[in-house]
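Taken in order, these protein sequences are the chains called W and F.
Take 2 as the starting number for the first sequence in the working numbering and just add one per residue.
Take 2 as the starting number for the second sequence in the working numbering and just add one per residue.
A virtual CB, placed ideally from N, CA and C, is assigned to each residue, including glycine.
Protein chains: 2
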Amino acid sequence: MPAGRPKQFDQTEALAGAMGVFWDHGFDGASMSDLVEAMGIGRQSLYDTFGDKRGLYLQALDHYMGTTMRCVLDRLANPGSALENVRAVLKMWEQESASTKCRGCMLSKSLADLPRDDPEVAQILRRHLGRVQKGFKDALDRAQADGEISTKTSTRALAWTLTSTGQGLSLLGNLGVGKLTINDIIKSTERLLV
Amino acid sequence: MPAGRPKQFDQTEALAGAMGVFWDHGFDGASMSDLVEAMGIGRQSLYDTFGDKRGLYLQALDHYMGTTMRCVLDRLANPGSALENVRAVLKMWEQESASTKCRGCMLSKSLADLPRDDPEVAQILRRHLGRVQKGFKDALDRAQADGEISTKTSTRALAWTLTSTGQGLSLLGNLGVGKLTINDIIKSTERLLV
Numbered sequence: 002m003p004a005g006r007p008k009q010f011d012q013t014e015a016l017a018g019a020m021g022v023f024w025d026h027g028f029d030g031a032s033m034s035d036l037v038e039a040m041g042i043g044r045q046s047l048y049d050t051f052g053d054k055r056g057l058y059l060q061a062l063d064h065y066m067g068t069t070m071r072c073v074l075d076r077l078a079n080p081g082s083a084l085e086n087v088r089a090v091l092k093m094w095e096q097e098s099a100s101t102k103c104r105g106c107m108l109s110k111s112l113a114d115l116p117r118d119d120p121e122v123a124q125i126l127r128r129h130l131g132r133v134q135k136g137f138k139d140a141l142d143r144a145q146a147d148g149e150i151s152t153k154t155s156t157r158a159l160a161w162t163l164t165s166t167g168q169g170l171s172l173l174g175n176l177g178v179g180k181l182t183i184n185d186i187i188k189s190t191e192r193l194l195v
Numbered sequence: 002m003p004a005g006r007p008k009q010f011d012q013t014e015a016l017a018g019a020m021g022v023f024w025d026h027g028f029d030g031a032s033m034s035d036l037v038e039a040m041g042i043g044r045q046s047l048y049d050t051f052g053d054k055r056g057l058y059l060q061a062l063d064h065y066m067g068t069t070m071r072c073v074l075d076r077l078a079n080p081g082s083a084l085e086n087v088r089a090v091l092k093m094w095e096q097e098s099a100s101t102k103c104r105g106c107m108l109s110k111s112l113a114d115l116p117r118d119d120p121e122v123a124q125i126l127r128r129h130l131g132r133v134q135k136g137f138k139d140a141l142d143r144a145q146a147d148g149e150i151s152t153k154t155s156t157r158a159l160a161w162t163l164t165s166t167g168q169g170l171s172l173l174g175n176l177g178v179g180k181l182t183i184n185d186i187i188k189s190t191e192r193l194l195v
């Protein structure tokens, strides 16, 4: 590409395409030809802009955290009842996991897919997961301060449990276990909020 | 191979080798050369005995259910206090997930890895997962009959929640989130048993 010539594609759009491929197929299962096709760019542009496959994967994961997961974090930080925010996220997860089109959570798929010999990716995933837990913990702390949940509850522990529940729901939803099973899990989890 | 010549390898041992590769790398990430090496057999013997890669994967999954997951099901069906059996499984999962060598659960990794275009594999995984849920439900029903847990508890719902918790713990354990986080999740989950 001649120096100074602007890149002829929308980086965010290309990244969203890559995210979809990694989301559906995981890191190992995503082929370069699938990626190139979904991103709508040439192979060389991909390398020039996003680096290698691993670099692209990490940027796609960032994109997921900044878009899909952002909805969860924004909902938790909504003004108004913090407890209702937590319940709303559970409701959102329930609807997604019970849907026959459930795609699962890209984060939980990435955790399962984790390469054993790549501590850097593990560290990045721990950071992403920690942001989800912090979103829950901040909401639960506020709910506790506002008298919506018991002061005896460890908000740290409950926040991790809700984060972990999201992972379990994602796997079961992706498997298509059905509405009744998902509703069972949500109802049990809600018992922890009282 | 000449007709009638006995196979020169232990099928169960070879299958255990294949299981380890799929467990660590998933279906897509497992290469035929890794499989052949871990199984200690030739490529042709692999095809002759286990069929193609997908067939081998399903048999490796059966092997996992019959060995590692068997420990969980046997523990749940132990004579004595059924509630203690459930607690013992949670304790087992806590220790595994908190270990720095945690490998995750092959079942949860397979769920995350699920090919979108293979409903037969999804059905097999649903059946395996259903066996885990049934193991919990039978134990919880017994605990309820023996007055160990409230008769108001939906044992079906709680059994699905414990099954899902196992999936979440496996992903977080595999990521290496550490003892404190795992203990947080176990403690919250135990609150559901009272």
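**Prompt:** Are the CB atoms of Leu159(F) and Ser189(W) nearer to each other than 8 Å?
**Reply:** yes
**Request:** Could you say which of Ile150(F), Met40(F), Ala140(F) lies nearest to Leu57(F) if we only look at CA atoms?
**Result:** Met40(F)
**Request:** Look at the Cβ atom of Ala61(W), then the Cβ atom of Phe10(W), and state whether they are nearer than 8 Å.
**Result:** no
**Within-8 Å CB hit, Leu77(W) to chain F** = no
**Prompt:** Which whole-angstrom value is the C-beta distance of Leu176(W) and Leu115(F), which I expect to be below 8 Å?
**Reply:** 6 Å
**Item:** Uninterrupted alpha helix (DSSP H) stretches inside the stretch 76 to 105 of chain F (no shorter than 4 residues)
**Value:** 83 to 99
**Prompt:** What residues of chain C sit near Thr152(W), judged by a beta carbon separation below 7 Å?
**Reply:** Any reference to chain C falls outside this structure, whose protein chains are W and F.
**Asked** Among Arg71(W), Gly67(W), Ile42(W), Gly30(W), which residue has its Cα nearest to the Cα of Arg55(W)?
**Response** Gly30(W)
**Request:** Kindly list, in the order they appear in chain W, the residues whose Cβ is closer than 7 Å to that of Arg157(F).
**Result:** Asp185
**Prompt:** Under three-state DSSP, which class holds Glu68(F)?
**Reply:** As written in the sequence, residue 68(F) is Thr, which differs from the Glu given in the question. In the structure shown, Thr68(F) sits in coil (DSSP, three-state: anything other than H, G, I, E or B).
**Message:** Quick check on DSSP: helix, strand or coil for Met2(F)?
**Reply:** With a pLDDT of only 48 at Met2(F), under the threshold of 50, the placement of this residue in the model should not be trusted, and no figure is reported.
**Request:** Please specify which runs of the alpha helix (DSSP H), each continuous and at least 4 residues long, are wholly inside the stretch 94 to 176 of chain F, giving them in chain order.
**Result:** 107 to 113, 120 to 146, 156 to 176
**Message:** Whole angstroms are fine: how far does the CA of Gly81(F) sit from the CA of Arg128(W)?
**Reply:** 43 Å
**Request:** Check the Cβ of Ala123(F) against every Cβ in chain W and list those closer than 7 Å, keeping chain order.
**Result:** Leu176, Gly177
**Request:** May I have the straight-line CA-CA distance separating Leu108(W) from His26(W), to the nearest angstrom?
**Result:** 13 Å
**Request:** Spell out whether any CB of chain W is found under 8 Å from the CB atom of Met2(F).
**Result:** With a pLDDT of only 48 at Met2(F), under 50, the local geometry of the prediction cannot be trusted, and the value read off the model is given with reservation. Not closer than 8 Å to any Cβ of chain W, the Cβ of Met2(F) fails to qualify, so no.
**Message:** Looking at Leu84(F): is its Cβ nearer than 8 Å to the Cβ of Ile187(F)?
**Reply:** no
**8 Å Cβ cutoff met for Arg71(F) and Asn86(F)** = no
**Residue environment, Ala146(F), which counts as buried when at least 16 other CB atoms sit within 10 Å** = exposed
**Asked** Listing by chain order, which chain F residues have their CB less than 7 Å from the CB of Lys110(W)?
**Response** Ala113
**Item:** Simplified DSSP state of Gln203(W), which is helix, strand or coil
**Value:** In the structure as shown, chain W starts at 2 and stops at 195, and residue 203(W) therefore has no counterpart that could be examined.
**Item:** Where Leu173(F) falls, given that 16 or more other Cβ within 10 Å makes a residue buried
**Value:** buried
**Request:** Have a look at Thr154(W), Leu193(W), Phe51(W) and flag the residue whose alpha-carbon is nearest the alpha-carbon of Thr166(W).
**Result:** Leu193(W)
**For Gly148(W) and Lys110(W), the rounded distance between their alpha carbons** = 36 Å
**Message:** For a contact defined as C-beta to C-beta under 8 Å, what are the partners of Arg127(W) on chain F?
**Reply:** Leu176, Gly177, Val178
**Request:** Look at Lys138(W) and Thr154(W) and say whether their C-beta atoms are less than 8 Å apart.
**Result:** no
**Asked** chain F beta carbons: is any one of them nearer than 8 Å to that of Ser189(W)?
**Response** yes
**Message:** For Arg44(W), count the other beta carbons within 10 Å of its own beta carbon; 16 or more makes it buried, fewer makes it exposed. Which is it?
**Reply:** exposed
**Prompt:** Going by beta carbon distance, what residues of the same chain come within less than 7 Å of Glu97(W), once the five residues before and after it are set aside?
**Reply:** Cys103, Gly174
**Item:** C-beta atoms of Ile42(F) and Ala15(F) nearer than 8 Å
**Value:** yes
**Prompt:** Under 8 Å between the Cβ atoms of Gln168(F) and Gln134(W)?
**Reply:** no
**Request:** Would you identify the three-state DSSP class for Ser189(W), choosing helix, strand or coil?
**Result:** helix
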